[in-house]
Structure formats: structure tokens, C-alpha cells
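As C-alpha cells, the structure follows; a few thoughts come after it.
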Amino acid sequence: MSRDVRVVARAKLTLSLRVLGVRPDGYHEIEGLVVSLREPHDVVGLRIQPPFGVRVRLSGRAVIGVPADETNLAARAARLLLEVAADGEDPGPWAASGLDLSLHKAIPAGAGLGGGSADAAGTLVGGARLLGLDLDAATLANLAARLGSDVPFCIAGGIAWMRGRGEIIEPLSLPSALTRTPAPPTPYAPAESPPGSSGSPGPFGSLWRPGPSGAVGVPAPPGPSRLPASLPPPGPSAGSPWPGDHDAGGLSLVVAVPPFGLATPTVYRAWDELGGPSSARPVPLPEGLAGLGLPDEMVNDLEPAAERVEPRLRPFREALEALAGAPALLAGSGSAYVVAVASAAQAAVVATQVGVELRAMAFATGLATRGVEAQKSPD
Numbered sequence: 028m029s030r031d032v033r034v035v036a037r038a039k040l041t042l043s044l045r046v047l048g049v050r051p052d053g054y055h056e057i058e059g060l061v062v063s064l065r066e067p068h069d070v071v072g073l074r075i076q077p078p079f080g081v082r083v084r085l086s087g088r089a090v091i092g093v094p095a096d097e098t099n100l101a102a103r104a105a106r107l108l109l110e111v112a113a114d115g116e117d118p119g120p121w122a123a124s125g126l127d128l129s130l131h132k133a134i135p136a137g138a139g140l141g142g143g144s145a146d147a148a149g150t151l152v153g154g155a156r157l158l159g160l161d162l163d164a165a166t167l168a169n170l171a172a173r174l175g176s177d178v179p180f181c182i183a184g185g186i187a188w189m190r191g192r193g194e195i196i197e198p199l200s201l202p203s204a205l206t207r208t209p210a211p212p213t214p215y216a217p218a219e220s221p222p223g224s225s226g227s228p229g230p231f232g233s234l235w236r237p238g239p240s241g242a243v244g245v246p247a248p249p250g251p252s253r254l255p256a257s258l259p260p261p262g263p264s265a266g267s268p269w270p271g272d273h274d275a276g277g278l279s280l281v282v283a284v285p286p287f288g289l290a291t292p293t294v295y296r297a298w299d300e301l302g303g304p305s306s307a308r309p310v311p312l313p314e315g316l317a318g319l320g321l322p323d324e325m326v327n328d329l330e331p332a333a334e335r336v337e338p339r340l341r342p343f344r345e346a347l348e349a350l351a352g353a354p355a356l357l358a359g360s361g362s363a364y365v366v367a368v369a370s371a372a373q374a375a376v377v378a379t380q381v382g383v384e385l386r387a388m389a390f391a392t393g394l395a396t397r398g399v400e401a402q403k404s405p406d
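Numbering-wise (the working numbering), the sequence shown opens with residue 28 and increments by one.
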């Protein structure tokens, strides 16, 4: 049995979001079109450690705003797995051990890209493998729903409608044109100063300012997930390339992350205070997603609330649209924006321009058909 694994945990992008109201349990009823991105992605490393407990170590350029204590969603996922292992009929040799988590972060916190949820999803998949837990898809999805609204989709990945408070996942099939393997994507970040560091100020400020908790995603109470029980758990697959053997090409996107972040709960509170506004700024559906029976336009009902919380969003969006020559859509609760462009080459050029001219982190990317993928670490 392996004593360590590594898991690629990919960012989640909300291409369209309708907020339908407040549920009796206090959470918001949503309907969102969500996809997994090739980039950015985190890498979650898991290792058995004595004695009991969970330890979190952080590395990478996107660690600002990410907690390394018990509030980290991946740490909560690890503790949940240890509880499941200890309570099982056959706990296995590692059930009484602890877990060491190393999170190599490329998904920025406070950007609306589901970095915390992706790490939790990767921890569930990799940790179950490491601890010898034979968890079917339904059990894995239920554990995910107990951690957060975005975690079930981050496990399933691909493209799906997300409904309820986020726990109802209705997968869609990618068109055949989106299943070819693309050239490696081109992420970009300003070389002279990562988010949160000191350096020459850009047009939108020089400091990365995530919300107080650094959390990305709305916490959810324990509850069932309706992820289809027939869907097999993702990876690990020892025979697959590392990473991204299930990448999907054909749709070129630029994800631009301004040098400031937003806390999802704060944006939802602002949405409530504004009286539950609907978006009045639709963006055309990318041509690459035609044929799926999707609406012709994408919207984000949280954009008015996000702009109220952070007035710098609108000028950032307008500058991004001027560079890309195309409309941009807010990613979830923000602060990242996404723009669909004509080709991977154009995406690389725009991402570079965003980094240089707007002093923002940017990624030239596309879709991935899986949200997490585990592989045994080299011996």
C-alpha cells in the first residue's frame, strides 16, 4: 500500500450564474453552469504521518490568504477521512495514523475559482486512496457535500449544471471538438511581484487583498449530494501522464485575476442588501459550447453585488475587455474574470498583455474533463 500520493486539483469556473433566492436553511438557491479548467491547478500531496492529526504545509505563488490551520478546507477533508477510516469495519493499517498535507497553490484565493474546494476534493480522492478506503461515488459525493457547496463538482469535474446550494450536479457531455489534447497552456503572472508582495503599483493597486478567511466558496451544512451514483470516482490512474491526460481542447479562455480578492459570503450579503438583483449584462455563449442545449447568453447575478463590495472591479473588467476585444464575465463571486478568445495563440498573447499592462495574474487555458486526478508520487 502506498504511503503517499499526489493529486492535481483543478480550478472551477462558473460560466453562468443565476441566484434564485434565499432558501429556508439560509443558503442561496443557485443555478450555475460550471466547468473545470486546465489552468490554474493546485497539487495536493498526502503522506501518512504519525501520530494522530493533520498537518498542512503551503507552497506556490498563490499562498496569500490561504490558511494553514484547522480552518483550511483540505485539512477538514483530511480529518473527515480519518474519522471514516477509524469508524469502518476494517479500518486498515493506516486508520490510526495522521495525514501530512502539502498544498502547492496556483489557484488564487478570493478569486471565485474554487481553490479551497478543489484542494478539499483532491484530499478526499487522494486520502481515500492512501488510507485504503473503498468509497463509491455516492459516498464520496456525500462527504464532499458536508465540506462545501463547490466540493462535489470539484470531484466530478468536466462541465455540469450546478443547482440547489451547489450539491445537485447534472453533468453534461463535452462536444467531440473539445476532446482533443491541446498544446500546453500558458499561465502568466508578473515576474517581479506575486500577489500580496511589495512592488511597483499597477493600475488597480499593488496588494492582494482576499477576504478575512481567504475562503473561496460558500460553506455548506452536512447533507446529501445528488451527484449521480453511477459516476465512477476520479483516478488515481498509475498509467496516465502527469498531469492532464484528460484535458479538453478547442475552447480558448483567458482567466484574469486582479490584485485584490473578494470573500464569497461578503458578496452574497451585498446581493441580499441590494434586494437580489439580476444581471443586466449578458455575455454571448462561446461558440465552442454550441450544441449542448445551453442558453445563448451567460450571466452572473452576483456581479452587481461584487462591484458594490469592490469598486475596482468594473475598471479592471473594462481594461481587460479592451485588451481582449471581447466581453468578460465575472467568475462566480469574483474577483477573477474570464474572456473567450478565438485561439490558444490569442489567449497566450492576451494573458501576457494582462500581466504586463494590468499587473494581474492571468492564465491562457481551456477546459478539462476531470476536476481531480491522483497519481502515486515517484519513489
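Think of the CB as a built atom: it goes at the ideal place given N, C-alpha and C, for glycine as much as any other residue.
DSSP puts residue i in a beta bridge; with which residues?
i       : result
Leu-130 : Val-71 and Leu-85
Asn-99  : None; Asn-99 has no bridge partner.
Trp-188 : Leu-60 and Glu-197
Leu-44  : Gly-59 and Asn-327
Glu-400 : Val-35
Val-49  : His-55
Would a C-beta distance cut-off of 8 Å place residue i and residue j closer than the cut-off?
i       : j       : result
Leu-64  : Ala-395 : yes
Arg-33  : Ala-307 : no
His-68  : Val-35  : yes
Arg-351 : Leu-385 : For the sequence presented, residue 351 should be read as Ala rather than Arg. Their beta carbons are not under 8 Å apart, which means Ala-351 does not touch Leu-385 by this criterion.
Met-189 : Ile-57  : yes
Val-284 : Ala-391 : no
Leu-329 : Val-46  : yes
Leu-356 : Met-325 : yes
Leu-340 : Ala-333 : yes
Ala-353 : Ala-371 : no
So what does DSSP say about residue i, is it helix, strand or coil?
i       : result
Asn-441 : Nothing can be reported for residue 441: it is not among the residues displayed for the chain, which extend from 28 to 406.
Val-336 : helix
Glu-348 : helix
Ala-283 : strand
Pro-77  : coil
Arg-386 : coil
Ser-240 : In this predicted model, Ser-240 has a pLDDT of only 29, less than 50, meaning its place in the structure is not dependable; the value taken from the coordinates is given anyway. Coil, per DSSP.
Leu-108 : helix
Pro-311 : strand
Tyr-364 : strand
Leu-321 : coil
Leu-357 : strand
Gly-153 : helix
Gly-159 : coil
Ala-138 : coil
Ala-148 : helix
Ala-36  : strand
Gly-125 : strand
Pro-342 : helix
Once you ignore the five residues that flank residue i on each side, which residues in its own chain have a CB closer than 8 Å to its CB?
i       : result
Gly-398 : Ala-36, Arg-37, Lys-39, Ser-63, Ala-145, Ala-148, Phe-180, Cys-181, Ile-182, Ala-183, Gly-184, Gly-185 and Pro-261
Pro-322 : Ser-43 and Leu-312
Return yes when the C-beta of residue i is under 7 Å from any heavy atom of the ligand NAP, and no when it is not.
i       : result
Gln-380 : This structure simply doesn't include the ligand NAP, nor any ligand for that matter.
Leaving aside the five residues before and after residue i along the sequence, list all residues of the same chain whose C-beta is less than 6 Å from its C-beta, in chain order.
i      : result
Val-83 : Ala-95, Asn-99, Ala-102 and Leu-128
Leu-80 : Contrary to the premise, residue 80 reads as Gly rather than Leu in this sequence. Same-chain partners within the cutoff: Gly-125.
Considering only residues of the same chain and omitting the five flanking positions on each side of residue i, which have a CB-CB separation below 7 Å?
i       : result
Leu-85  : Val-93, Ala-95, Leu-130 and Lys-132
Glu-110 : none
Asp-177 : Lys-39, Gly-141, Ser-144, Gly-193 and Gly-244
Ala-187 : Val-61, Phe-180, Ile-196, Glu-197, Pro-198 and Leu-199
Val-336 : Leu-289, Thr-293, Val-294 and Ala-297
Are the stretch 44-52 and the stretch 138-155 touching by the rule of at least three beta carbon pairs closer than 8 Å? Touching, no.
Measuring CB atoms only, is the stretch 374-381 touching the stretch 298-315, in the sense that at least three cross pairs come out at less than 8 Å? The stretch 374-381 is not in contact with the stretch 298-315.
Any chance the stretch 128-145 sits against the stretch 280-295, with 3 or more Cβ pairs inside 8 Å? As far as the Cβ criterion goes, the stretch 128-145 touches the stretch 280-295, which means the pair count is three or higher.
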